[in-house]
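Position 113, counted from 1, in the sequence shown is what the UniProt record's numbering calls 113; the numbers after and before it change by one each time, with no gaps.
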Amino acid sequence: MTTVPAVPRRTAGAALDGPAGPTLRHERTYAEAGHRILAGCDEVGRGALAGPVTVGMVAVDIAAVKPLKGVKDSKLLAPADRVALVPKIQAWAAASGVGHATAAEIDRLGLTGALRLAGTRAWAQVCADLTPDVVLLDGNYNWLSPAQASLFDDLDAAVAGDGPAEAGVGRGTITHPIPAAPALPCEAPVHTRIKADLSCLSVAAASVLAKVARDSLMLEYAREYPQFGWDENKGYATDAHRAALQADGPSPLHRLSWRLGGTPRPAAAAEPDDEYGVDELQPGGMIEL
Numbered sequence: 001m002t003t004v005p006a007v008p009r010r011t012a013g014a015a016l017d018g019p020a021g022p023t024l025r026h027e028r029t030y031a032e033a034g035h036r037i038l039a040g041c042d043e044v045g046r047g048a049l050a051g052p053v054t055v056g057m058v059a060v061d062i063a064a065v066k067p068l069k070g071v072k073d074s075k076l077l078a079p080a081d082r083v084a085l086v087p088k089i090q091a092w093a094a095a096s097g098v099g100h101a102t103a104a105e106i107d108r109l110g111l112t113g114a115l116r117l118a119g120t121r122a123w124a125q126v127c128a129d130l131t132p133d134v135v136l137l138d139g140n141y142n143w144l145s146p147a148q149a150s151l152f153d154d155l156d157a158a159v160a161g162d163g164p165a166e167a168g169v170g171r172g173t174i175t176h177p178i179p180a181a182p183a184l185p186c187e188a189p190v191h192t193r194i195k196a197d198l199s200c201l202s203v204a205a206a207s208v209l210a211k212v213a214r215d216s217l218m219l220e221y222a223r224e225y226p227q228f229g230w231d232e233n234k235g236y237a238t239d240a241h242r243a244a245l246q247a248d249g250p251s252p253l254h255r256l257s258w259r260l261g262g263t264p265r266p267a268a269a270a271e272p273d274d275e276y277g278v279d280e281l282q283p284g285g286m287i288e289l
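(1) Let me make sure I understand the geometry here. Which of Ala122, Lys69, Lys75, Asp239 has the alpha-carbon closest to that of lysine 195?
(2) Answer with buried or exposed for glutamate 43, where buried requires no fewer than 16 other C-beta atoms within 10 angstroms of its C-beta.
(3) If I'm right that alanine 122 touches glycine 97 with Cβ under 8 Å, what's the distance once you round it to whole angstroms?
(4) Please go through the same chain and pick out, in chain order, the residues whose beta-carbon is closer than 6 Å to the beta-carbon of phenylalanine 228, but skip the five residues on each side of it.
(5) Identify which residue in Gly34, Leu49, Lys69 has its Cα closest to the Cα of tryptophan 92.
(6) Is the beta carbon of valine 212 less than 7 Å from the beta carbon of arginine 46?
(7) Exposed or buried, glycine 40, counting other C-beta atoms within 10 Å across all chains shown (16 or more means buried)?
(8) Could you tell me the distance, in whole angstroms, from the CA atom of alanine 188 to the CA atom of leucine 198?
(9) According to the neighbour-count rule (16 or more other Cβ atoms, all chains shown, within 10 Å of its Cβ), is glycine 249 buried or exposed?
(10) Which value, in whole angstroms, describes the spacing of the CA atoms of glycine 51 and cysteine 186?
(11) For threonine 131 versus histidine 100, is the C-beta distance shorter than 7 Å?
(12) Pick out whichever of Ser257, Asp231, Ala95 has its Cα sitting closest to the Cα of glycine 56.
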């Protein structure tokens, strides 16, 4: 059996996609290893101070799928263009899904555990239609595969008990909760690829679905908590967002285990950014809008 070629190391800033944007070139190499259905996967919201972390997943039939025009990493597209692409991506994909993990779940599970929870919710949606043979995950760290049995005790409790809509003790009432969603552990092999959202069409498409879904939630939340400017910053650490935190304190949708700026930090802490090696708990860390 032919093995999937390793991803060559590139210098910082090197382009990973051609003039036309991401392609299916890398996805098609998995057919050589006997795979047929590949799920591209990406997350958004990792570095935000408020709101969920969201994972998008897009499954494609490697041999049959044709390129979809206009798709790029979600951060390179205008908001209106991202929204317009969603129905096209959903029609193009063999299956797709989006999963969220709330701020309360991030506080309880840590960032990696919350990413896994959101990913397993997206995976469950995909598997309702078909089961991919392999997953292509953006980044250099596999946070999607089951880590240990005890972790899924927490994940099962989140689904069966308090669920993603649960605000957490002392967090108050959320008018627009995230609907409860089942989680399903991803048992398929997971391959990571740095900046796959720039070079791989399935992953770029997943990033668009995740970004649009999370932005939509943050716009709803902004109506309930207008002082934080979430309609503009989507929960990330802008100066205006930090100033509002200092003035008003955190909302029920803030990640209380993170250093929010001007607010006390509980003992529990979110985990460092596994992909980039940046401590997101520190002011001035990576911001993605």
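Heads up, the beta-carbon is just placed ideally off N, CA and C, and yes, glycines get one too.
Quick look at the numbers:
(1) By 1-based counting over the sequence shown, the position of residue 195 is 195. Residue Lys75 is the option with its Cα nearest to lysine 195.
(2) Taking the first residue of the sequence shown as position 1, residue 43 is located at position 43. The residue is buried, with at least 16 neighbouring Cβ atoms inside 10 Å.
(3) On the sequence shown, position 122 is the one that residue 122 refers to. On the sequence shown, position 97 is the one that residue 97 refers to. That pair is a contact at about 4 Å.
(4) Translated into the one-based positions of the sequence shown, residue 228 becomes position 228. Hits under 6 Å: His241, Ala244.
(5) Within the sequence shown, residue 92 is the residue found at index 92, counting from 1. Taking only the C-alpha atoms, the option nearest tryptophan 92 is Lys69.
(6) Position 212 of the sequence shown, counted from the start, is the residue given in the question as residue 212. Position 46 of the sequence shown, counted from the start, is the residue given in the question as residue 46. No. Outside cutoff.
(7) Here residue 40 refers to the residue found at position 40 when the sequence shown is read from its first residue. Glycine 40 comes out buried.
(8) If you number the sequence shown from 1, residue 188 lands on position 188. If you number the sequence shown from 1, residue 198 lands on position 198. Taking the straight line joining both Cα atoms gives about 23 Å.
(9) For this step, residue 249 is matched to residue 249 along the sequence shown. Exposed.
(10) Residue mapping note: residue 51 aligns to position 51 of the sequence shown, counting from 1. Residue mapping note: residue 186 aligns to position 186 of the sequence shown, counting from 1. A direct Cα-to-Cα measurement between glycine 51 and cysteine 186 gives close to 24 Å.
(11) Your numbering for residue 131 matches position 131 in the sequence shown. Your numbering for residue 100 matches position 100 in the sequence shown. No, the pair does not count as a contact, with Cβ atoms beyond the cut-off.
(12) In the sequence shown, the residue the question calls residue 56 occupies position 56. Looking at the Cα atoms, Ala95 is the closest of the given residues.
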